[in-house]
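In what follows, a single structure is set out as structure tokens and then discussed.
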Amino acid sequence: MRKAFIAIAAFLVTLTVLLAITYPPLWWLFLFTGPVVILGVYDLYQPKHSIVRNYPVVGRLRYFMEELRPKVYQYFVESDTNGTPYNRINRSLIYQRAKKENDTIPFGTQLDVYQNGYEWLSHSIAAISHHEIDDNPRVMVGGPACKQPYAASIFNISAMSFGSLSQNAILALNGGAKLGGFAHNTGEGGISDYHENPGGDLIWQIGTGYFGCRNPDGTFNGEAFARRSKSENVKMIEIKLSQGAKPGHGGMLPGAKVTPEVARIRLVEEGKDVNSPPGHSAFSNPIEMCQFVQQLRDLSEGKPIGIKLCIGRRSEFFAICKAMIETGIYVDFITVDGGEGGTGAAPPEFSNSVGMPLREGVAFVYDVLQGFGLKRHIKIVASGKVSSGFDIVKNIALGADLCNSARGMMFALGCIQALECNSNTCPTGVATQDPSLMKGLVVEDKRVRVFNFHRLTVKSAIELLGAAGLKHPSQLTRAYINRRVSQNVMQSYLETYPYIPEGSLLQEPYPKAFDLGMKLSRADSFAPTDIVITAEDYPVTKIIEH
Ligand SMILES: Cc1cc2nc3c(=O)[nH]c(=O)nc-3n(C[C@H](O)[C@H](O)[C@H](O)COP(=O)(O)O)c2cc1C
């Protein structure tokens, strides 16, 4: 579009000049073409609006329309089949915070507080001023075996690879992380120069393709891992088991996208299709997974090692915990991704109908870790539509220690949810490899927006804490969050997701709701086929309960 504008502008100017020369009374045509061309040239070079840079003059229509609509937050409410809201991405709020504009609202509540699913925080009469609370609380990630624990922010950038995002988007995200002192997850596509050069803290994600640490046949290469993991910027390492938008689904990077640069970063062959299988080849059962964690810990000289997963079969998570107990090798953190999570591209059935949603996932993972007495060593990271202070507070109340945001950060970069991440035509230059579109995203401007969005969202979480009379996020419990479950019934998260006692899964009898998962799981297999549960052992009603 930039090239098209330059061509159209050149044509208009030439036409006007020719007309004015051949018929001088037509000189006034310059009064139309002149301003349009000047405006277009200005649009091409201004740094603030990606759309206007990429679509000079016509892109302004978007901002004109925005001016016309009411100046209230446009809640983006998604509905389940009953029309019940279960989550909101407040895009306007993200934009306002990213641009450091006024982020208060006039007039009062804009939500239907009597609608099922409405959620709220219990505040306190003994509220505390947010000035009395640390406005950048840190959470130490690293269990007993970790030699280089990392003091993480409570809000970080979730995994998105270079390849699914443009180089300018990655540069701006990492630049924002550097400015704000928070972490940026590389995504499974490896560590690119765009992740590394701005100098922000990195979480290096390793998926089933082992990009950046693989042998030519796609298996894990310890030497390459050791070399890369020692980078000063790499603060933690995350083994990706699954992600909420497409759990259990592999991926294929077509050869056409394997440029010399991508080949260098990922350690793959230029121009050839690259397969990310659905499962890992470095381990095939929970005990081996723990041994792999130990291997990465040793090779990285003791950096925190975590796993990322969306919960599927619950018994597999029991099996992972059993393996941690049996081997004495604990992960340092577990990122729980909700089934509602995002991606650049996935089959709709996988995005919409596979994987446990975030709320249940976080509560379940917290409870099982607590039941095995492991929670004290392992931090939980929550991701899945976390984009406001209340989202952070809600997830920490459920059991998370920190939160990650992917699409929230994309909005901060200027994403307008054009839903073109899978077609290389993203109009804002965020999720495209097209150099002409990428130019629209000015790194210097957008890294500040990422920084602002992070800072003001954390500040909002801190203000909510203060309103609840608390001084640190770790004081939040499930009792603080309430939800309308029907017209005349509200429940706190504590009632919906009751805690289980610490250590209660270490010996029988197990808490009722966890009994079947415990019986179906074994440390040496993700999916043992030889455990038979009969109807006599287990009444059907109990199985349904599980
Ligand atoms: C464009 C895009 C690319 C992503 N790439 C990865 C990836 O490489 N690895 C991964 O574990 N998750 C990936 N995700 C998932 C996010 O990291 C995150 O877990 C999920 O989107 C939920 O967070 P959100 O609701 O804040 O977007 C990607 C998401 C998006 C939108």
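Each residue of the sequence shown is one higher than the one before, counting from 0 in numbering that gives the first Met the number 0.
Cβ atoms here follow ideal geometry from the backbone N, Cα and C, with glycine treated the same way.
Would you mind giving the Cβ-Cβ distance between residue i and residue j, rounded to the nearest angstrom? I have them listed as a contact below 8 angstroms.
{"i": "Glu-311", "j": "Pro-277", "result": "A quick correction: the sequence has Gly, not Glu, at residue 311. At roughly 12 angstroms, the Cβ-Cβ gap does not stay under 8 angstroms, so Gly-311 and Pro-277 are not in contact."}
{"i": "Ile-328", "j": "Lys-393", "result": "Not confirmed; about 31 angstroms, so no contact."}
{"i": "Gly-189", "j": "Gly-217", "result": "Rounded, the Cβ-Cβ distance is 13 angstroms, inconsistent with contact."}
{"i": "Ala-171", "j": "Val-531", "result": "Actually they are not in contact, since the Cβ atoms of Ala-171 and Val-531 sit about 54 angstroms apart, beyond 8 angstroms."}
{"i": "Asn-451", "j": "Lys-47", "result": "With a Cβ gap of about 13 angstroms, Asn-451 and Lys-47 do not count as contacting."}
{"i": "Arg-482", "j": "Thr-495", "result": "7 angstroms"}
{"i": "Val-442", "j": "Gly-174", "result": "6 angstroms"}
{"i": "Lys-378", "j": "Asp-331", "result": "7 angstroms"}
{"i": "Asn-155", "j": "Asn-403", "result": "5 angstroms"}
{"i": "Pro-356", "j": "Lys-321", "result": "At roughly 25 angstroms, the Cβ-Cβ gap does not stay under 8 angstroms, so Pro-356 and Lys-321 are not in contact."}
{"i": "Ser-128", "j": "Gly-468", "result": "In fact, because the Cβ distance is near 11 angstroms, the residues do not count as touching under 8 angstroms."}
{"i": "Gly-398", "j": "Pro-246", "result": "Not really, about 20 angstroms apart at Cβ, beyond 8 angstroms."}
{"i": "Ile-153", "j": "Leu-401", "result": "5 angstroms"}
{"i": "Leu-505", "j": "Phe-389", "result": "Wrong, their Cβ atoms sit about 35 angstroms apart, outside the cutoff."}
{"i": "Ala-158", "j": "Ala-244", "result": "The pair is not a contact, with the Cβ atoms about 11 angstroms apart (cut-off 8 angstroms)."}
In terms of residue numbering, what span does the beta strand (DSSP E) encompassing residue i cover?
{"i": "Asn-274", "result": "273-275"}
{"i": "Asn-196", "result": "No beta strand (DSSP E) contains Asn-196, which DSSP labels as neither H nor E."}
{"i": "Lys-307", "result": "304-308"}
{"i": "Met-235", "result": "233-239"}
{"i": "Ile-205", "result": "200-205"}
{"i": "Arg-213", "result": "Element bounds for Arg-213: n/a, residue is neither H nor E."}
{"i": "Val-429", "result": "Neither: Val-429 is in no beta strand (DSSP E) and is coded neither H nor E."}
{"i": "Ile-333", "result": "332-336"}
{"i": "Ala-150", "result": "149-152"}
{"i": "Ser-485", "result": "480-485"}
{"i": "Leu-266", "result": "Per DSSP, Leu-266 belongs to no beta strand (DSSP E) and is neither H nor E."}
{"i": "Asn-423", "result": "No beta strand (DSSP E) contains Asn-423, which DSSP labels as neither H nor E."}
{"i": "Arg-477", "result": "Looking at the DSSP string, Arg-477 is not in any beta strand (DSSP E), and its letter there is neither H nor E."}
Use the C-beta contact count for residue i: other C-beta atoms within 10 angstroms, 16 or more gives buried, fewer gives exposed.
{"i": "Ile-93", "result": "buried"}
{"i": "Phe-272", "result": "Here the sequence assigns Asp to residue 272, which means Phe is not the residue at that position. Looking at its Cβ environment, which holds fewer than 16 other Cβ atoms inside 10 Å, Asp-272 is exposed."}
{"i": "Ala-6", "result": "exposed"}
{"i": "Met-489", "result": "exposed"}
{"i": "Pro-259", "result": "exposed"}
{"i": "Gly-198", "result": "exposed"}
{"i": "Met-64", "result": "exposed"}
{"i": "Glu-502", "result": "In the sequence as displayed, the identity of residue 502 is Gly instead of Glu. So Gly-502 counts as exposed."}
{"i": "Tyr-113", "result": "exposed"}
{"i": "Ile-542", "result": "Caution is warranted here: a pLDDT of 49 is assigned to Ile-542, below 50, making its placement in the model unreliable, and no coordinate value can be reported."}
{"i": "Asp-111", "result": "exposed"}
{"i": "Asn-487", "result": "exposed"}
{"i": "Leu-418", "result": "exposed"}
{"i": "Ala-213", "result": "For clarity, residue 213 is Arg in the given sequence; the question names Ala instead. Buried, since its Cβ has 16 or more Cβ neighbours within 10 Å."}
{"i": "Gly-33", "result": "exposed"}
{"i": "Ser-352", "result": "exposed"}
{"i": "Trp-26", "result": "exposed"}
{"i": "Leu-546", "result": "Any question about residue 546 goes unanswered here, given that the chain covers just 0 to 545."}
Starting from residue i and walking both ways along the alpha helix (DSSP H), at which residues does that stretch end?
{"i": "Ala-381", "result": "Taken as a continuous stretch (DSSP letters only), Ala-381 belongs to no alpha helix (DSSP H), being part of the beta strand (DSSP E) at 378-382."}
{"i": "Phe-410", "result": "406-411"}
{"i": "Glu-443", "result": "442-466"}
{"i": "Phe-316", "result": "313-326"}
{"i": "Thr-495", "result": "492-495"}
{"i": "Met-517", "result": "511-519"}
{"i": "Ser-352", "result": "347-352"}
{"i": "Leu-298", "result": "285-298"}
{"i": "Asp-366", "result": "357-370"}
{"i": "Thr-13", "result": "1-21"}
{"i": "Met-437", "result": "434-437"}
{"i": "Glu-222", "result": "221-228"}
{"i": "Val-40", "result": "29-44"}
{"i": "Tyr-113", "result": "From DSSP, Tyr-113 is part of no alpha helix (DSSP H); its letter is neither H nor E."}
{"i": "Asn-89", "result": "Unbroken run through Asn-89: none, as it is neither H nor E."}
{"i": "Val-51", "result": "49-53"}
{"i": "Asn-173", "result": "166-179"}
{"i": "Ala-396", "result": "388-397"}
Can you confirm whether the region 250-269 touches the region 317-335 when touching is taken to mean that 3 or more C-beta pairs between the two stretches lie within less than 8 angstroms?
Three or more beta-carbon pairs separated by less than 8 angstroms are not found between the region 317-335 and the region 250-269, which leaves the two stretches without contact.
Would you call the region 122-142 and the region 453-471 touching, i.e. three or more CB-CB distances under 8 angstroms? Yes, the region 122-142 is in contact with the region 453-471.
**Prompt:** Do the region 144-159 and the region 300-310 meet, that is, are 3 or more Cβ pairs less than 8 angstroms apart?
**Reply:** Contact holds between the region 144-159 and the region 300-310, because three or more Cβ pairs, one in each stretch, are under 8 angstroms apart.
Worksheet entry | At least 3 beta-carbon pairs within less than 8 angstroms: the region 152-167 vs the region 121-128 | Between the region 152-167 and the region 121-128 there are fewer than three C-beta pairs closer than 8 angstroms, too few to call the two in contact.
message: Closer than 8 angstroms is the cut-off here; do at least three beta carbon pairs connect the region 6-19 with the region 395-413?
response: Segments in contact, no.
Review point. So, do the region 425-440 and the region 50-65 have three or more beta carbon pairs nearer to each other than 8 angstroms?
Key: With a cut-off of 8 angstroms on Cβ pairs, the region 425-440 is in contact with the region 50-65, counting three or more such pairs.
- Message: Assess contact between the region 313-321 and the region 515-533, defined as three or more Cβ pairs (one per stretch) separated by less than 8 angstroms. Is contact present?
- Response: With a cut-off of 8 angstroms, the region 515-533 and the region 313-321 count as touching, because enough Cβ pairs lie within range.
task = Spell out a yes or no on whether the region 512-525 and the region 371-386 are touching, meaning 3 or more CB-CB pairs, one atom from each, closer than 8 angstroms.
result = With contact defined as three or more Cβ pairs closer than 8 angstroms, the region 512-525 and the region 371-386 are not in contact.
Point to revise | Inter-stretch contact (C-beta, 8 angstroms, three-pair minimum) for the region 360-369 and the region 330-339 | key: Yes, the region 360-369 is in contact with the region 330-339.
Q. If you pair each beta-carbon of the region 281-301 with each one of the region 228-241, do three or more pairs fall below 8 angstroms?
A. As far as the Cβ criterion goes, the region 281-301 touches the region 228-241, which means the pair count is three or higher.
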